[in-house]
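Line order of the protein sequences matches chains A and B.
Quick note: my numbering has the first sequence finishing at residue 447, numbered continuously throughout.
Quick note: my numbering has the second sequence finishing at residue 447, numbered continuously throughout.
Ideal Cβ positions, reconstructed from N, Cα and C, are used throughout, including at glycine.
Everything numeric in this text was worked out from a predicted model, so none of it was measured.
Number of protein chains: 2
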Amino acid sequence: MESCVVLRLTNTSADFEARFAELLAGKREASEDVDQIVRDILEDVRKRGDQAVLEYTAKFDRLNAVEMGDLKVSAEQIEAALTEVPAETLDALQLAHDRIYSHHKRQLPADDRYTDPIGVELGSRWTAVEAVGVYVPGGLASYPSSVLMNVVPAKVAGVERIVMVVPSPDDVLNPLVLAAAKIAGVSEIYRIGGAQAVAALAFGTQTIKPVAKIVGPGNAFVAAAKRRVFGTVGIDMIAGPSEVLVIADKYSNPDWIAADLLAQAEHDPVAQSILITDDAELADHVAGAVERQLKTLPREEVARASWQDFGAIILVDSLDNAMPLANRLAPEHLELAVEDPEQLLDKVRNAGAVFMGHHTPEAIGDYVGGSNHVLPTARSARFSSGLSVLEFVKRTSILKCNAENLRALGPAAIALGEAEGLSAHARSVSIRLNM
Amino acid sequence: MESCVVLRLTNTSADFEARFAELLAGKREASEDVDQIVRDILEDVRKRGDQAVLEYTAKFDRLNAVEMGDLKVSAEQIEAALTEVPAETLDALQLAHDRIYSHHKRQLPADDRYTDPIGVELGSRWTAVEAVGVYVPGGLASYPSSVLMNVVPAKVAGVERIVMVVPSPDDVLNPLVLAAAKIAGVSEIYRIGGAQAVAALAFGTQTIKPVAKIVGPGNAFVAAAKRRVFGTVGIDMIAGPSEVLVIADKYSNPDWIAADLLAQAEHDPVAQSILITDDAELADHVAGAVERQLKTLPREEVARASWQDFGAIILVDSLDNAMPLANRLAPEHLELAVEDPEQLLDKVRNAGAVFMGHHTPEAIGDYVGGSNHVLPTARSARFSSGLSVLEFVKRTSILKCNAENLRALGPAAIALGEAEGLSAHARSVSIRLNM
């Protein structure tokens, strides 16, 4: 293969703003129009339940099952899968689980109850979602680490029923995924996928009881299905292709930085790896190191396509000028591979996760750091956060007035009700005040 | 008008479960298929910007403006609106604002930063969304209280730019809405609505800079547009018709309960008001009181349609048996109009907001209680919460390893990277360990 020509920008160039804006606006996802197909599948599963799911599974996954029970993964199948996983990998999964669990424990929100200056009692009370569906992709992107990242926060939240769906096309199922499900404490597992699995979770079938919320990444069909069932159930964000922004100074090791850029690029031809540095020499060395390392990667083709099509190296005159660019990019992952990352951290406004200093490659966060690796992609860190316990709880607000409070607040409520033309609102207050 | 025949159920009847399930499954929203129209409008505004918005505004709102600047509400227009609002109403709005502000201040999440037992630093850092769009419906449902409820949490969160859009069909704009916007501190106001307003906020136009998140209720076009731009921007929940569940005991005043049921019913012919009680006599008295009060309501027609088509009175043998039904209904508003509401509150799992005791009509919460009145409808309290400061902030997770931490955690990360077939992930760790 030839060497990559990667986009190079310099923030002092006259055309920088225009070219950076172009980079920002770049679309990395083919918007496959699968919406019509998905709508039909959802409707069909809603009407016919198990039978429809069985038929779609036979058609799309080439998996023939007579009844839904056949697609439910049994305790024996899970135990069998565990024996296939090397002890070292199981230990690593357990370590990852325990660290993720400890970190997410800190995210449990506290109830609040207080009496305000005029004596009204107010409060907020958090409760767990009762049942959650976790979508796990099949095939190459069937990652045990993602099972942990989606299931553990739900467990910490106190979700009683966690239903995992994972397609097993041609009857192939990653034993690591079952091992992770077992470690994390999934309640039920079905070998189904696609829009039909999302429909089964959202509407329920004869065999699968409906859930209240669905999380987890999937292909275009899964994403379209989640978007459509939103409202009937809750959903997490719609995951896009992964991305990393590395901000590096002259003290960075170019080989390490290159490895970090490629760790992102190997995910997907539409993944995006960007380096911003104030050191021209480092920029050149990283470009060279990427080229050298690419040639030794098993997933060279994927990583090369990503780097060539969507990678970028941006040279800035000062790292202070890097941060506004970083906040506009709003990256899923932001590595601050600099001597004093704390000083830059203070300026971070939009980023899913920050990896601090020279010894925190993003991959540590993917697996065993403890923080969640389900993070906002495609610039959505401008308005959303990574997956957390908060996605699996909901808040009920509490209001308690006594007769005296109602006399104090009532007249204003009556005035506003009348002003809005809602007389029955006003009356529900005035009737208690003998007005 | 004739008297209403409202659905009456008794939890000890043989057919109760089937009939309650039917009540639960009942659809109250006509699912207007406006998706195609909305898609075209969004695309058009994305491409042509201001000009497209101007044309749709002329077409749908019969409002001819030459340029977008004409649709921007000026400081003078706001001041003029203020003079139209009675002092009593302005005072009530200010009281509501101040109470909402105080309550929401308690919702600001705290940053977290800690060092775990092996020395890894972890953390979470909250920052405000930079720019938010608030949709306010025009016409009859143009409520100043909703302006406060949507804008105040954003202000408390620290959102710098809050852009309000409100259509003014036939040039009619509710001065109360402008007054509320002024009190709450909205940054910019445009007299536009529908899918074109959502598109302008999401994609930006020559005049309107894009926002990162859009909140606020709207009609079917607005809801469809929000669903479609989700991803480009964040959105709040898709609001459905309002609902109340009142749980009342024999100590309840039937006239008060009837007033509360009607306060919900007057919103919308597809609003839903349900009473659950263990007292057959109260049930009868409330039914009678609803009938009497209906006849004196300015919005009698709307309230009667709602009560007749979607209202229900459910008699239970014990209030303990009311709570599982309440949790299945997952109501937006739950009134616990009983002597000991605390005991029932402990059993609430799914509800947007709870109103405690005999002196807390839901309408107090709509206006001046301090809690938010934007709450999950259509059973979505099973998985979502009312609007809060959390909707206007996002969390960045922080991970910081030193060389020693990396040596401790690295091998497990490498094992998982290799197990997932992601060699570049593994290498980004191993290269730092000289492996």
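Looking at the DSSP output, W138/B bridges to R407/B. The three-state secondary structure of G429/B, taken from DSSP, is helix.
The beta carbon of Q218/A lies closer than 8 Å to those of G61, D62, M80 in the same chain, with the five residues before and after it left out. Separation of V258/B and A424/B (C-alpha to C-alpha, rounded to the nearest whole angstrom) is 54 Å. The beta carbons of H109/A and P165/A sit no closer together than 8 Å.
Among the residues facing chain A, K39/B is not included, as its CB has no counterpart in that chain under 8 Å away. Counting the other CB atoms within 10 Å of its CB gives V366/B a total of 16 or more, which places it among the buried residues. L337/A sits close to I288/A, with the two beta carbons spaced by under 8 Å. Neighbourhood of Y155/A in chain B, by CB distance below 7 Å: E432, in chain order. Between P156/A and L105/A, the C-beta spacing is below 8 Å. Using beta-carbon distances, F395/B counts as an interface residue toward chain A, with a partner under 8 Å. Against chain A, a Cβ distance below 7 Å from H345/B picks out nothing, because the smallest value is about 10 Å. In this structure, the beta-carbon distance from L120/A to S383/B does not fall below 8 Å. In this structure V141/B touches V171/B by the C-beta definition: roughly 6 Å separates them, less than 8 Å.
The shortest CA-to-CA distance from V132/B to any of S435/B, H437/B, G422/B, E432/B is the one to G422/B. From the beta-carbon of N414/A, the residues of chain B found nearer than 8 Å are G369, H371. Between the C-alpha atoms of R239/B and N446/B there is a straight-line separation of about 49 Å.
Nearest to G377/A by alpha-carbon distance, out of V256/A, A270/A, T69/A, I220/A, is V256/A. Counting C-beta pairs with one atom in each stretch, the region 353-370 of chain B and the region 45-65 of chain B have fewer than three that are closer than 8 Å, which means they do not touch. At a cut-off of 8 Å between beta-carbon atoms, D123/B makes no contact with chain A. Taken in chain order, the complete beta strand (DSSP E) segments of 3 residues or longer contained in the region 174-254 of chain A are 200-202, 225-227.
Around the beta carbon of G206/A, 16 or more other beta carbons lie within 10 angstroms, which makes this residue buried.
The beta carbon of A292/A is closer than 7 Å to those of L327 in its chain, skipping five residues each way along the sequence.
Judged by their CB atoms, P388/B and R40/B are not nearer to each other than the 8 Å cut-off. Looking only at S397/B, A431/B, A420/B, the smallest Cα-Cα distance to W138/A is reached by S397/B. L309/B is positioned such that its CB atom lies closer than 8 Å to that of A436/A.
Under the DSSP assignment, A365/B falls in the beta strand (DSSP E) whose first and last residues are 365-368.
K221/B has its alpha-carbon roughly 46 Å from the corresponding atom of T69/A. Chain order gives the chain B residues near P310/A as G433, S435, where near means a beta carbon separation below 8 Å. Note on Q276/A: 16 or more other CB atoms within 10 angstroms of its CB, so buried under the neighbour-count rule. Judged by DSSP in its simplified three-state form, D56/A adopts helix.
In the DSSP annotation of this structure, Y155/A is not part of any alpha helix (DSSP H), being labelled neither H nor E.
DSSP, read as helix, strand or coil, puts Y263/B in coil. In the assembly as shown, E416/A is an exposed residue. Its beta-carbon has fewer than 16 other beta-carbons within 10 Å.
Looking from the CA of I174/A, the closest CA among V227/A, E91/A, R74/A, D47/A belongs to V227/A.
Apart from the 5 residues on each side of it in sequence, V17/B sits with its Cβ closer than 8 Å to the Cβ of Q320 in its chain, given in chain order.
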